[in-house]
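*Asks:* Dropping the structure in here first, questions after.
4 protein chains.
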Amino acid sequence: MHVGELLGVAVLGAGHMGADHIRRLDRVVSGARVAAVADPDPARAKEAAAGIDGVAVHAEAEAALDAPGVDAVLIASPGPAHEEALLAAFARGLPVLCEKPMVPESAGALRVVEAEARLGRRLAQVGFMRRYDAEYRQLKSVLDSGRLGRPLMLHCVHRNVSSPPGFTSAMLVNSSVSHEIDAARWLLGQELTAVTVLRPRSSGNAPEGLLDPQFVLFETAGGALVDVEVFVNCGFGYQVRCEAVCEAGSARIGEGHTMVVTSDGGAREEVPQDYLVRFADAYDREVQAWVDATRQGRVTGPSAWDGYAASAVAEAGVRALVSGGRVTVELAARPELYADDGV
Amino acid sequence: MHVGELLGVAVLGAGHMGADHIRRLDRVVSGARVAAVADPDPARAKEAAAGIDGVAVHAEAEAALDAPGVDAVLIASPGPAHEEALLAAFARGLPVLCEKPMVPESAGALRVVEAEARLGRRLAQVGFMRRYDAEYRQLKSVLDSGRLGRPLMLHCVHRNVSSPPGFTSAMLVNSSVSHEIDAARWLLGQELTAVTVLRPRSSGNAPEGLLDPQFVLFETAGGALVDVEVFVNCGFGYQVRCEAVCEAGSARIGEGHTMVVTSDGGAREEVPQDYLVRFADAYDREVQAWVDATRQGRVTGPSAWDGYAASAVAEAGVRALVSGGRVTVELAARPELYADDGV
Amino acid sequence: MHVGELLGVAVLGAGHMGADHIRRLDRVVSGARVAAVADPDPARAKEAAAGIDGVAVHAEAEAALDAPGVDAVLIASPGPAHEEALLAAFARGLPVLCEKPMVPESAGALRVVEAEARLGRRLAQVGFMRRYDAEYRQLKSVLDSGRLGRPLMLHCVHRNVSSPPGFTSAMLVNSSVSHEIDAARWLLGQELTAVTVLRPRSSGNAPEGLLDPQFVLFETAGGALVDVEVFVNCGFGYQVRCEAVCEAGSARIGEGHTMVVTSDGGAREEVPQDYLVRFADAYDREVQAWVDATRQGRVTGPSAWDGYAASAVAEAGVRALVSGGRVTVELAARPELYADDGV
Amino acid sequence: MHVGELLGVAVLGAGHMGADHIRRLDRVVSGARVAAVADPDPARAKEAAAGIDGVAVHAEAEAALDAPGVDAVLIASPGPAHEEALLAAFARGLPVLCEKPMVPESAGALRVVEAEARLGRRLAQVGFMRRYDAEYRQLKSVLDSGRLGRPLMLHCVHRNVSSPPGFTSAMLVNSSVSHEIDAARWLLGQELTAVTVLRPRSSGNAPEGLLDPQFVLFETAGGALVDVEVFVNCGFGYQVRCEAVCEAGSARIGEGHTMVVTSDGGAREEVPQDYLVRFADAYDREVQAWVDATRQGRVTGPSAWDGYAASAVAEAGVRALVSGGRVTVELAARPELYADDGV
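Have a look at this one:
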């Protein structure tokens, strides 16, 4: 593409998340345009693309990739469709931003890693948007500065008001906690090596049979300990907190506030109810950063390796949930292509 | 302009603020492009426009307005140049976003109001960016909801680390406090009717002769009281706080925090050092909202009347500072064109 | 009294505050016993003294002072009775802790000061209990340390849920704000020299005719400015806040919290509803400190001069409320006996 | 003793904690006097008793119990001396407040429980002072109210600036965490049934060989999960935090603050450096409550059973630390005498 031209993006998937990304590319992000939209449900694709100039709408992902003016791909289709879409983008040499999980099964995730390694150049970025959140970046910056000494523990909390229909006990680990898996790897710069899942008694507000809350413990290659409370039917708000306990101090995020209203005998701060509210800025920054880098022919952000590692750790977590014991994480050898990454 | 086309903006002034707006239009905001830049210093204009495709660079503001592809104007030149630039934009029917103060002297501000009223349609928006800050919007929303009853008092704090060279005692009122003047009018939906300026003993850290801090009291048409501590050499941070005390509760902004670092015997939250840090998001949202509205042929946001009222109140404030007494604010009759505004 | 003996205290007044002090001396404070209780209503006196060993109950204050085993006096009768009680205690050489206001009229307060000065030794302490509150002591300690530079402004807030029947507009100044008057004198170590009272529109929740809230401005001998929001029908809690703005930093108290409960979409801290809750510890510490000092034959704490100065400033405040203008405070010459006090 | 008489207390142990309790009984608490002091080091006993009227000083604990005027006993000697002292008090029918650990070995603690059960009446209270801390009581009160639903998890943090010489890895569990053991039993009203101790990498600031921090996990009879970060060389402050996560909300203590000082680019709250600062009020309230109840012939507060249960859980914790695995807690049958306690 020429300098000054807008980046033409094909968006695969026009569901909740895909429609939100289409709106973001069209109206929030600078330097990009939606060039194509694909969704198996043509009505949904058309609705998400409505009002956008010169956009091609397709039922098939590959058709969208081949539409005129497509310079890059944003994958927001359901997880099982990701592997094929990534490989199709690789085949065309198109840069990709792929929503998480990159590929749900670690075996498939590894195939994507190997495919990109064979290409010999990076095309994929995975949508771990917390890396673009202002608070997480502050935390990362303090840890990297070294002024608090080495990190020893991360205490994490991940709470949702309620879980969507069909949410399973395994999904607390491989969907909800996958964010903490990536955040811990990124913040600490270490791979996670083992996982244990504890099951406190379940809340009466959780659907019958759902193990909720769970308490997940990760060990890292450097000997740090990461604990995560995941509670997806907490009822009172969307809360994401993280405290890094280091040798010379601790740093906490996720308990900040803005407005305080005092009335009726109490001082009250609102808690966001939804991750799209809490992380709205992070999504905007993530996509803007991806567009900016892509227009300059660069790939930054979480890599396919990060997507693979998160899948592998999440799989070990689900085994730990089932077995009740400690499960070690076995990662494949890391291709040379990813040697310079942070983790 | 056609649907889908980018809004071509002429930016007048390529100083600190102008350069920041050029960067914003070019790289942050969606749906706009920098079509022209004007600055009396051609080197400065060129530097600010570097790397932008198809931008015209001029020494004269009017030449920039007449450059090809200009659909709208952003005025970021020094205050004394604003009146002429606004009238030139009106003459060409171009929508304008004008940095504050709209016009430093209220007489000139009134001429702008009258010119726009004669046009019979709104073209101007004034850059009171606090109206686009997330915290101020939360506060406005709580006040407008009525659930805290009627507002009775606003307690405001406006602190800067240090004042720039040449900053005068009058500028604490007509430059720093002008933000609180607009915010109070907007939050309360009432004109300010009188002003008194108290002078506590000056800080030893203020330059010789500068009355800093000052304590400014405004009365409103509805009987509310607004007090503002303005302290531009406070040394410790950039702080903007506002508490609205209402009949059934109070709401406070500006004391929020994000990350807490505990070390060395204390828990510490960082205080921003600069308004461009504190209000970075507000500037982005302001310009995005202006671009969005302008592309749809609408004018929203603070009007020329708001710019005039702020100038008139600030002038009364400077008289109050000099006299030591209470000074009433006299506003001209409000043209019909601005009848439906909030204040 | 002999070492190891309990201090026998005569308590004058067995109303709300007197009964609370009787309970405190009997059951909370170490080293004291209630030796006598006086109240014009004998039933009330008896009820307050019930269950206390060896206590004399009288209708007349002087009879209680003369009861066996009385070593000291605590005056908790209504303000108009204080002057006579103080003079009676002075006549008997008894140390006194006198609830505020020491004497409501400054003329009477001055007579007490002169009487004590004639005695040539200190017997009286006035019940400004905020000087014993942990937060106020922290604030005083930071200011006295000098590490924030000289204080320039105090921003104070004093809010009550609702005012008792019969509360007048003048009482917002001479009863509620009298606490801030003493606190400001003590924190700053300066006399207050002038006062202005502003009247924002009154809350719809205030009784008909009560000017509530008010905004009171004090100037100090050293050029500092003290502003006080007093709002006695705020409806939402008992709040006492104070921020000292200094040349190199600010220190705030009164916005602390202990437990945070997150539920129903918000994080909430309780606000105390009553000054007896907020300042319970301060009352305990005040009386304990008075008992400890008295047993050692010393008088510490706020003096009769402090009581007089508070009355004189409050009187000026009421004149300022009525006149709408600025009123200067005229103090009598300070007797030698009080020369070494902080203020 | 007669109504109105002071409770005569024999204090066993005149070290750091004993001397503090002697000062407290003599000068802070109402209704008690120090009647006797015992310490194997007579000079230390004399120094601690200096200036107290009519106090007997002995080297032998039993001699102090038999001194004239002794109505009750406060045991503040080293843990290994507690069992004998408790049994001696039981033999004399004297009420006892015993510092924690009641008896370090659970076998000895059980002998104390059995001896008191044989007596058939309660004489002992164990010094778990957190039950008297205002924040812990707020938390208990919210949990007991049921308005947040059933508790599912407790997240606890216990940090000290540095550990004293000779502090061992086991002492993190059986000394530091013993407070959380009692607090968890009391807050939840459930026995702890199993314990696991995780060992993150140790801080470089911990003495060679000390496993610090540790992360301790308790399971409860009702299925709740309790996690405790214990970090005794954290370097930055004394921090005790507790968050109870319930079905309908969470309640947190230990992150409160009082004064906020803003200077040098940050807003800072002080963190206490020492437990005697953080829990000063709790100690005062504990001893006052014990004196008040004892004077009325009642025994309240944590019982010998609570002391035994804490020892048994701590022993299991040390085994878990050594083994690296999960260890179940086996408690003896609970005597009828303790049937009505909360846990």
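Protein chains in written order, with UniProt numbering: chain A, 1 to 343; chain B, 1 to 343; chain C, 1 to 343; chain D, 1 to 343. For every residue, glycine included, the Cβ atom is placed at its ideal position computed from N, Cα and C.
With a threshold of 8 Å between beta-carbons, can D/Ala284 be considered close to chain A, or not?
*Replies:* Position 284 of the fourth sequence holds residue 284 of chain D. First, the residue type needs correcting, since residue 284 of chain D is Asp and not Ala in the sequence shown. No, because no Cβ of chain A sits closer than 8 Å to the Cβ of D/Asp284.
*Asks:* Can you name the residues that DSSP bridges to C/Ile75?
*Replies:* Counting from one through the third sequence, the residue named residue 75 of chain C turns up at place 75. In DSSP, C/Ile75 forms a bridge with C/Leu12, C/Cys98.
*Asks:* For the alpha helix (DSSP H) that D/Glu330 lies in, which residues bound it at each end?
*Replies:* Along the fourth sequence, read from residue 1 onward, the residue named residue 330 of chain D stands at position 330. Counting along the chain, D/Glu330 falls outside any alpha helix (DSSP H), and DSSP gives it neither H nor E.
*Asks:* Please go through the same chain and pick out, in chain order, the residues whose beta-carbon is closer than 6 Å to the beta-carbon of D/Asp264, but skip the five residues on each side of it.
*Replies:* Indexing the fourth sequence from 1 puts residue 264 of chain D at position 264. Counting only Cβ-Cβ distances below 6 Å, and skipping sequence neighbours, we find nothing.
*Asks:* Can you tell me which of C/Pro302, C/Gln190, C/Gln214, C/Ala293 puts its alpha carbon nearest to the alpha carbon of C/Val232?
*Replies:* Here the question's residue 232 of chain C lines up with position 232 in the third sequence. Answer by Cα proximity: C/Gln214.
*Asks:* Could you tell me the alpha carbon to alpha carbon distance between D/Val299 and D/Gly120, rounded to whole angstroms?
*Replies:* Residue 299 of chain D sits at position 299 when you count from the first residue of the fourth sequence. Residue 120 of chain D sits at position 120 when you count from the first residue of the fourth sequence. Taking the straight line joining both Cα atoms gives about 13 Å.
*Asks:* Residues of chain D with CB closer than 7 Å to the CB of B/Thr262, please, in chain order.
*Replies:* Counted from its first residue, the second sequence places residue 262 of chain B at position 262. Correct list: Phe236, Gly237, Val271.
*Asks:* Quick check on the burial criterion: 16 or more other C-beta atoms within 10 angstroms. Buried or exposed for D/Gln288?
*Replies:* As a working mapping, residue 288 of chain D is identified with position 288 in the fourth sequence. Buried.
*Asks:* With distances taken from CA atoms, which of D/Val216, D/Ala183, D/Gly15, D/Tyr238 is nearest D/Ala48?
*Replies:* The residue given as residue 48 of chain D occupies position 48 in the fourth sequence. When each option's Cα is compared against that of D/Ala48, the closest is D/Gly15.
*Asks:* Provide the residue span of the alpha helix (DSSP H) that contains A/Leu143, from first to last.
*Replies:* Position 143 of the first sequence, counting from 1, holds the residue named residue 143 of chain A. Residues 134 to 145.
*Asks:* Please name the residue or residues paired with residue 372 of chain B in a DSSP beta bridge.
*Replies:* Outside the displayed span of chain B (1 to 343) sits residue 372 of chain B, for which this structure offers no information.
*Asks:* Between D/Glu116 and D/Arg122, what straight-line distance do the alpha-carbon atoms span, to the nearest angstrom?
*Replies:* Numbered from its first residue, the fourth sequence carries residue 116 of chain D at position 116. Numbered from its first residue, the fourth sequence carries residue 122 of chain D at position 122. The alpha-carbon atoms of D/Glu116 and D/Arg122 are separated by roughly 7 Å.
*Asks:* Using a Cβ-Cβ cut-off of less than 8 Å, list which residues of the region 118 to 151 of chain C approach chain B; keep chain order.
*Replies:* Cβ contacts with chain B come from Gly149, Arg150.
*Asks:* C/Ala309: which of C/His21, C/Ser163, C/His158, C/Ala183 sits nearest, CA to CA?
*Replies:* Looking up residue 309 of chain C in the third sequence gives position 309. That would be C/Ala183, whose Cα lies nearest to the Cα of C/Ala309.
*Asks:* Does any residue of chain D have a CB that is nearer than 8 Å to the CB of B/Arg278?
*Replies:* Here residue 278 of chain B refers to the residue found at position 278 when the second sequence is read from its first residue. It does not; no Cβ of chain D falls within 8 Å.
*Asks:* What number of angstroms, rounded off, separates the C-alpha of D/Ser250 from the C-alpha of C/Gly266?
*Replies:* Your numbering for residue 250 of chain D matches position 250 in the fourth sequence. Your numbering for residue 266 of chain C matches position 266 in the third sequence. The straight-line gap from Cα to Cα measures roughly 11 Å.
*Asks:* For a contact meaning CB atoms closer than 9 Å, what does B/Ile253 contact in chain A?
*Replies:* If you number the second sequence from 1, residue 253 of chain B lands on position 253. In chain order: Thr258, Met259, Val260.
*Asks:* Could you name each continuous alpha helix (DSSP H) segment of 4 residues or more that falls completely within the UniProt domain "GFO/IDH/MocA-like oxidoreductase" (136 to 251) of chain A, going from the start of the chain to the end?
*Replies:* The UniProt domain "GFO/IDH/MocA-like oxidoreductase" (136 to 251) of chain A contains these whole alpha helix (DSSP H) runs: 178 to 188.
*Asks:* Applying the 10 Å Cβ sphere with the 16-neighbour rule, what's the burial state of A/Val177?
*Replies:* Start at 1 with the first residue of the first sequence, and residue 177 of chain A comes out as number 177. Result: buried.
*Asks:* Hey, quick one: how far does the beta strand (DSSP E) through C/Ala81 stretch, first residue to last?
*Replies:* On the third sequence, position 81 is the one that residue 81 of chain C refers to. Looking at the DSSP string, C/Ala81 is not in any beta strand (DSSP E), and its letter there is neither H nor E.
*Asks:* Just to confirm the assignment, what range does the beta strand (DSSP E) spanning B/Gly266 have?
*Replies:* As a working mapping, residue 266 of chain B is identified with position 266 in the second sequence. Start and end: 266 to 270.
*Asks:* Would you list the residues sitting across from A/His58 in a DSSP beta bridge?
*Replies:* Mapped onto the first sequence, residue 58 of chain A falls at position 58. Beta-bridge pairing links A/His58 to A/Ala38.
*Asks:* Could you please give the first and the last residue of the uninterrupted alpha helix (DSSP H) stretch that includes D/Val112?
*Replies:* The count along the fourth sequence starts at 1 and reaches residue 112 of chain D at position 112. First-last of the alpha helix (DSSP H) with D/Val112: 106 to 119.
*Asks:* Kindly give me the distance between the Cβ atoms of D/Pro302 and D/Ala244, rounded to whole angstroms, as I take these residues to be in contact under 8 Å.
*Replies:* Along the fourth sequence, one-based indexing puts residue 302 of chain D at 302. Along the fourth sequence, one-based indexing puts residue 244 of chain D at 244. Incorrect: roughly 19 Å between the Cβ atoms, too far for contact.
*Asks:* If you measure from the beta carbon of C/Arg24 to each beta carbon in chain A, is any gap under 8 Å?
*Replies:* Locating residue 24 of chain C in the third sequence gives position 24, counting from the first residue. It does not: the Cβ of C/Arg24 has no partner Cβ on chain A nearer than 8 Å.
*Asks:* Compare the beta carbon distance of C/Val96 and C/Ala107 with 8 Å and say whether it is the shorter of the two.
*Replies:* Walking along the third sequence from the start, residue 96 of chain C turns up at place 96. Walking along the third sequence from the start, residue 107 of chain C turns up at place 107. Against a cut-off of 8 Å, the Cβ pair of C/Ala107 and C/Val96 comes out as no contact.
*Asks:* Which first and last residues belong to the alpha helix (DSSP H) in which D/Gln273 is found?
*Replies:* Residue mapping note: residue 273 of chain D aligns to position 273 of the fourth sequence, counting from 1. Taken as a continuous stretch (DSSP letters only), D/Gln273 belongs to no alpha helix (DSSP H), as it is neither H nor E.
*Asks:* For B/Arg33, list the residues DSSP reports as bridge partners.
*Replies:* Sequence index remark: in the second sequence, residue 33 of chain B carries index 33 (1-based). For B/Arg33, which the question treats as bridged, DSSP gives the partners B/Gly8.
*Asks:* Let's test the definition: count the other Cβ atoms within 10 Å of the Cβ of B/Glu5 and tell me whether it reaches 16, buried, or not, exposed.
*Replies:* Residue numbering aside, residue 5 of chain B sits at position 5 when the second sequence is read from its first letter. Flag for B/Glu5 reads exposed.
*Asks:* DSSP state of A/Gln125, grouped into three classes?
*Replies:* Walking along the first sequence from the start, residue 125 of chain A turns up at place 125. DSSP places A/Gln125 in strand when its eight states are reduced to three.
*Asks:* Indicate the three-state DSSP secondary structure (helix, strand or coil) for A/Val70 in the structure shown.
*Replies:* As a first step, residue 70 of chain A must be located in the first sequence, where it is residue number 70. Here A/Val70 sits in coil by DSSP.
*Asks:* Using CA coordinates, which residue listed in A/Gly166, A/Leu331, A/Tyr338, A/Pro42 is at the minimum distance from A/Leu210?
*Replies:* As a working note, residue 210 of chain A is residue 210 in the first sequence. Comparing Cα-Cα distances from A/Leu210 to each of A/Gly166, A/Leu331, A/Tyr338, A/Pro42, the minimum goes to A/Gly166.
*Asks:* Looking at C-alpha atoms only, which residue of C/Val318, C/Val70, C/Leu65 is the closest neighbour of C/Leu87?
*Replies:* By one-based count along the third sequence, residue 87 of chain C stands at place 87. For C/Leu87, the nearest C-alpha among the options comes from C/Leu65.
*Asks:* If we ignore side chains and look at the alpha-carbon of each, how far apart do C/Arg199 and C/Ala38 end up?
*Replies:* Stepping through the third sequence from its first residue, residue 199 of chain C is reached at position 199. Stepping through the third sequence from its first residue, residue 38 of chain C is reached at position 38. Going by the C-alpha atoms only, they are around 41 Å apart.
*Asks:* Could you tell me the alpha carbon to alpha carbon distance between B/Gly235 and C/Glu247, rounded to whole angstroms?
*Replies:* Here residue 235 of chain B is taken as the residue at index 235 of the second sequence, counted from 1. Here residue 247 of chain C is taken as the residue at index 247 of the third sequence, counted from 1. Those two C-alpha atoms are separated by around 8 Å.
*Asks:* Can you tell which of A/Gln190, A/Val173, A/Thr262, A/Val157 has its C-alpha closest to the C-alpha of A/Glu229?
*Replies:* Along the first sequence, read from residue 1 onward, the residue named residue 229 of chain A stands at position 229. Nearest of A/Gln190, A/Val173, A/Thr262, A/Val157 to A/Glu229, Cα basis: A/Val157.
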